[in-house]
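Counting in numbering that gives the first Met the number 0, the sequence shown runs from 0 upward without gaps.
See structure below.
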Amino acid sequence: MMLSATRYAVIGAGLIAVAYGLARFAFGLFVPPIRDSLGLSPSVMGLIGALPFVSFVLTSLFASAVVERLGARRAAMLAGGFAVAGLGLVSQSAGPGTLGAGVFLCGIATGMMMPALSLGNQAAVVPARQGRVNAIMNAGTGIGVAVSVPVTLLLTDAWRTAYMSFAVLAAAGVVVAWRWLPDNGRRAGETDQRPPLSREERRHLLRMSAFAAGMGFVSAVYWVFGPDMVVVLGGMPMTLTGWLWLVVGLVGVAGGIASELMDRFGAGCTQSAALIGLAVAMGLLMLAPGALPVALLSAGLFGFAYMTLTGVYLVSGIRLAPGRPALGAVVAFLAVAVGQALGSSLAGIVVDQIGYFNTFGGFVCACVVVAALFPWYPAVRQA
Numbered sequence: 000m001m002l003s004a005t006r007y008a009v010i011g012a013g014l015i016a017v018a019y020g021l022a023r024f025a026f027g028l029f030v031p032p033i034r035d036s037l038g039l040s041p042s043v044m045g046l047i048g049a050l051p052f053v054s055f056v057l058t059s060l061f062a063s064a065v066v067e068r069l070g071a072r073r074a075a076m077l078a079g080g081f082a083v084a085g086l087g088l089v090s091q092s093a094g095p096g097t098l099g100a101g102v103f104l105c106g107i108a109t110g111m112m113m114p115a116l117s118l119g120n121q122a123a124v125v126p127a128r129q130g131r132v133n134a135i136m137n138a139g140t141g142i143g144v145a146v147s148v149p150v151t152l153l154l155t156d157a158w159r160t161a162y163m164s165f166a167v168l169a170a171a172g173v174v175v176a177w178r179w180l181p182d183n184g185r186r187a188g189e190t191d192q193r194p195p196l197s198r199e200e201r202r203h204l205l206r207m208s209a210f211a212a213g214m215g216f217v218s219a220v221y222w223v224f225g226p227d228m229v230v231v232l233g234g235m236p237m238t239l240t241g242w243l244w245l246v247v248g249l250v251g252v253a254g255g256i257a258s259e260l261m262d263r264f265g266a267g268c269t270q271s272a273a274l275i276g277l278a279v280a281m282g283l284l285m286l287a288p289g290a291l292p293v294a295l296l297s298a299g300l301f302g303f304a305y306m307t308l309t310g311v312y313l314v315s316g317i318r319l320a321p322g323r324p325a326l327g328a329v330v331a332f333l334a335v336a337v338g339q340a341l342g343s344s345l346a347g348i349v350v351d352q353i354g355y356f357n358t359f360g361g362f363v364c365a366c367v368v369v370a371a372l373f374p375w376y377p378a379v380r381q382a
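Now the structure itself:
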């Protein structure tokens, strides 16, 4: 079944908005009311907050094989089912056990959805438009984040209602996947026989993964400690930090042009320029944490740069693994996730030792170093 590139991109972005924005990133916004309601300590919430990452990584290890076996439609429906179950469990949580189980299931949904959509994109969209569609779908994360912020502000004391509404949206996504996604990721006349990746292809994927992990590492400090810094150093009211994420999400949608930028300027130069944008965003927040206009500018630049970068790595991974779009998507996002885990852990240790300002300064320098290595980014074919 052939779909227009626009229709598939819109469907995919919506499913990613649920699987990434609502099922994964929204949890951090609801931590304070959930913690107060269930009487959980910060250490327990920290452990629970790590579970989606654990399940995401575990799922990523076998997601490609599962998706290729089930086909795009059934794999996306399965991912949506995990999101429904996870979000529903969170909404009914009575303690750390059910809450942890819920966010763990949400991480599984996150790990499986993009590989499924990438496989379906191969069958449903003409090859010349596939890179653009993948980048637009990836930017759906920003839509989910943008939706979750006003919901958080409006339903701070009704987080169970918010999560139940998220579960309903996820259930609607399952229906959409059943109705519109192709059954498999092959075009007419193609077979299941796919040659193994060559040594050169594996080497290129490894180099791309190193850059993706580096980006995940340097961006982690902003995701984890950006709001804290504007409150602690800038004296900004905590209620305003949610608006930073709203701007991150809204402007991040523009990262859907990543594929066009890659085809025009090259993948290496595009990701290097976006990394410089990331460094500037972190530097702005570091230098003027108490100035709301500067903080909003920083958030917008960060959202655009981050979504552009994840789009570049997604499209690169898929193009570097010809015939295996699910594998390419898994490799790209797993590398980013591992880098973020390492970066957030190190940032937490360093903040305690040298403070927010110096920590952000160190990560800005690391970001510039990664950007400067762009000549070693693997050559990626154009659409």
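Virtual Cβ for every residue (Gly too), placed ideally from N, Cα, C.
Between which residues of its own chain and GLY87 is the CB-CB distance below 6 Å, once the five residues before and five after are set aside?
For the purposes of this step, residue 87 is identified with residue 88 of the sequence shown, where counting begins at 1. Hits under 6 Å: ALA166.
Classify ALA273: buried if its beta carbon has 16 or more other beta carbons within 10 angstroms, exposed otherwise.
For the purposes of this step, residue 273 is taken as the residue at position 274 of the sequence shown. The residue is buried, with at least 16 neighbouring Cβ atoms inside 10 Å.
Run through DSSP, which three-state label would LEU196 get?
Residue 196 sits at position 197 when you count from the first residue of the sequence shown. LEU196: coil per DSSP, three-state reduction.
Could you spell out the range, first to last residue, of the alpha helix (DSSP H) harbouring GLY85?
Looking up residue 85 in the sequence shown gives position 86. Looking at the DSSP string, the run of the alpha helix (DSSP H) that includes GLY85 is 71-90.
Measuring CB to CB, does ALA328 end up less than 8 Å from PHE52?
Translated into positions along the sequence shown, residue 328 becomes position 329. Translated into positions along the sequence shown, residue 52 becomes position 53. The answer is no: Cβ separation not under 8 Å.
Taking the CB atoms as reference points, tell me whether GLY94 and LEU37 lie closer together than 8 Å.
The residue given as residue 94 occupies position 95 in the sequence shown. The residue given as residue 37 occupies position 38 in the sequence shown. Cβ distance < 8 Å, so GLY94 and LEU37 count as in contact.
What residue range does the alpha helix (DSSP H) around VAL17 cover?
Taking the sequence shown and counting its residues from 1, one reaches residue 17 at position 18. Counting along the chain, VAL17 falls outside any alpha helix (DSSP H), and DSSP gives it neither H nor E.
With a cut-off of 8 Å on the beta carbons, I'd call ILE15 and MET136 a contact; round off their distance for me.
Locating residue 15 in the sequence shown gives position 16, counting from the first residue. Locating residue 136 in the sequence shown gives position 137, counting from the first residue. Contact holds; Cβ gap of about 5 Å.
Between which residues of its own chain and ALA230 is the CB-CB distance below 8 Å, once the five residues before and five after are set aside?
Residue mapping note: residue 230 aligns to position 231 of the sequence shown, counting from 1. Going by the sequence as given, residue 230 is Val instead of Ala. The answer, listed in chain order, is PRO236, MET237, THR240.
For PHE103 and MET112, I'd like the C-alpha separation in whole angstroms.
The sequence position of residue 103 within the sequence shown is 104, counting from 1. The sequence position of residue 112 within the sequence shown is 113, counting from 1. Approximately 15 Å, taken between the alpha carbons.
Whole-angstrom distance between PHE332 and GLY255, CA atom to CA atom:
Translated into positions along the sequence shown, residue 255 becomes position 256. Translated into positions along the sequence shown, residue 332 becomes position 333. One C-alpha to the other measures close to 16 Å.
With H, G and I counted as helix, E and B as strand and the rest as coil, what does DSSP make of GLN270?
Numbered from 1 along the sequence shown, position 271 holds the residue referred to as residue 270. Reduced to three states, the DSSP call for GLN270 is helix.
By the DSSP assignment, the alpha helix (DSSP H) with THR238 in it spans what residues?
Sequence index remark: in the sequence shown, residue 238 carries index 239 (1-based). Careful: THR238 lies outside any alpha helix (DSSP H) and carries neither H nor E.
Just curious, the alpha helix (DSSP H) that ILE33 is in, first and last residue?
Numbered from 1 along the sequence shown, position 34 holds the residue referred to as residue 33. Unbroken alpha helix (DSSP H) run through ILE33: 25-37.
In whole angstroms, what separates the C-alpha of LEU46 from that of GLY213?
Working through the sequence shown from its first residue, we reach residue 46 at position 47. Working through the sequence shown from its first residue, we reach residue 213 at position 214. Whole-angstrom Cα-Cα distance: 24 Å.
Where ASN183 sits in the DSSP three-state scheme:
As a first step, residue 183 must be located in the sequence shown, where it is residue number 184. Here ASN183 sits in coil by DSSP.
Which same chain residues end up closer than 8 Å to VAL148 when comparing Cβ atoms and leaving out the 5 residues on each side of it in sequence?
Here residue 148 refers to the residue found at position 149 of the sequence shown. Excluding positions up to five away in sequence, the list reads LEU28, GLY241, TRP242, TRP244, LEU245, GLY248.
If you compare alpha carbons, which of PRO181, ALA78, THR155, LEU39 is closest to GLY70?
On the sequence shown, position 71 is the one that residue 70 refers to. Answer by Cα proximity: PRO181.
Which same chain residues, not among the five before or five after PRO194, have their C-beta less than 8 Å away from its C-beta?
On the sequence shown, position 195 is the one that residue 194 refers to. Cβ within range, chain order: GLY322.
Presumed contact (8 Å Cβ cut-off) between GLY233 and PRO292, rounded CB distance:
Along the sequence shown, read from residue 1 onward, the residue named residue 233 stands at position 234. Along the sequence shown, read from residue 1 onward, the residue named residue 292 stands at position 293. So it is not a contact: roughly 12 Å between Cβ atoms.
Assigned secondary structure, LEU154 (DSSP; H/G/I helix, E/B strand, else coil)
Taking the first residue of the sequence shown as 1, we reach residue 154 at position 155. Three-state result, LEU154: coil.
Under the assumption that GLY106 contacts LEU50 (Cβ atoms under 8 Å), give the Cβ distance between them as a whole number of angstroms.
Residue mapping note: residue 106 aligns to position 107 of the sequence shown, counting from 1. Residue mapping note: residue 50 aligns to position 51 of the sequence shown, counting from 1. The pair is a contact, with the Cβ atoms about 7 Å apart (cut-off 8 Å).
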